[in-house]
Amino acid sequence: MTKEDDGRIIKDENEEVVVVGWDTYKELANYSGGWNRLFWMSVCVVLAIVCDTWMRYYIGQWALKEGEQATDTNRFGIIILGLALVSALMVFSRSVIATTMIFIAGNKAHTDMIRRVLRAPINLFYDVTPTGLIINRFSGDIGTIEGIIMAIMWAAGCFWQVISVIVIIAWADWSMLIIVPFILAYLIYIFKFTIGSYREMHRLQSVMKSPILTHLGESISGNSTIRAFDSRN
């Protein structure tokens with residue numbers, strides 16, 4: 002009998018080292034309804050940023066016309082209001098598309114997990130897998146899908162926002178673009194420095210949550226025995 006196989010039927014959850022590749026994101030895109038929804042969500046993000054940038058530009062131009070504010074109020078007001086309405090509409094459409102993707106992906110993932118769990122062998126799965134681990138994986142995976150889709154939406158927004166800032170800097174003073182590569186290199190360094198700790202904390206949280214759910218489920222199912230032996234305290 003080895004150290005790992007100590008005679009226990011139910012095994013502990015281990016920290017698995019998983020490398021997420023592009024195939025995983027492709028499968029997630031197919032789960033969420035295909036690449037067309039990601040495309041239209043990106044279009045909404047780009048249009049919202051473009052409208053917001055042009056709205057700020059027209060506000061600045063309006064402020065610079067010191068003697069013409071009164072005569073140009075209607076023209077600038079209509080343009081700024083129109084851009085604000087289009088930007089708000091694009092932000093709302095982006096949120097609707099992301100919510101739809103989360104619903105579709107979560108529904109498909111939950112259906113697949115239910116199907117595979119119900120078809121799993123009793124002696125190789127149910128007898129050795131704690132109930133808390135199953136519940137934790139169900140809730141954790143659905144929550145992870147929601148978090149990834151929302152992260153993709155915000156990442157797309159941040160990416161195009163950075164692109165718009167770089168374009169504005171180049172428009173105002175192209176010599177300022179010299180510092181952009183150094184800033185991007187520093188951001189990449191910070192990301193690589195922190196992503197490991199974030200991944201390990203998330204994994205540790207998942208591992209520590211399963212025993213709590215297992216204990217809660219066993220306590221509920223064995224409530225009559227606990228009360229019969231007066232072991233409630």
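Be aware that the sequence shown starts at 2, since it is given in the numbering used here, and climbs by one per residue. We put the CB at the ideal spot given by N, CA and C, even for glycine.
- For alanine 99, same chain residues with a beta-carbon under 7 Å away, outside a window of 5 residues either side, are Met42, Ile150, Met151, Met154 in chain order.
- Residue environment for aspartate 53: buried (at least 16 other C-beta atoms within 10 angstroms of its C-beta).
- In terms of Cβ geometry, methionine 177 and alanine 186 do not form a close pair [threshold 9 Å].
- Following the DSSP letters along the chain, one finds alanine 121 in no alpha helix (DSSP H), marked with neither H nor E.
- Taking the C-beta atoms as reference points, isoleucine 146 is found nearer than 9 Å to isoleucine 103.
- Under the three-state reduction of DSSP output, aspartate 174 falls in the coil class, being neither helix nor strand.
- The beta carbon of glycine 107 sits closer than 7 Å to those of Ile143, Ile146, Glu147, all from its chain and outside the five residues before and after it, given in chain order.
- For glycine 61, the uninterrupted alpha helix (DSSP H) segment begins and ends at 36 to 65.
- Just measuring C-alpha positions, the residue of Phe40, Val97, Ala110 sitting nearest threonine 25 is Ala110.
- Judged by beta-carbon spacing, glycine 158 lies beyond the 9 Å limit of arginine 57, meaning their Cβ atoms are not closer than that value.
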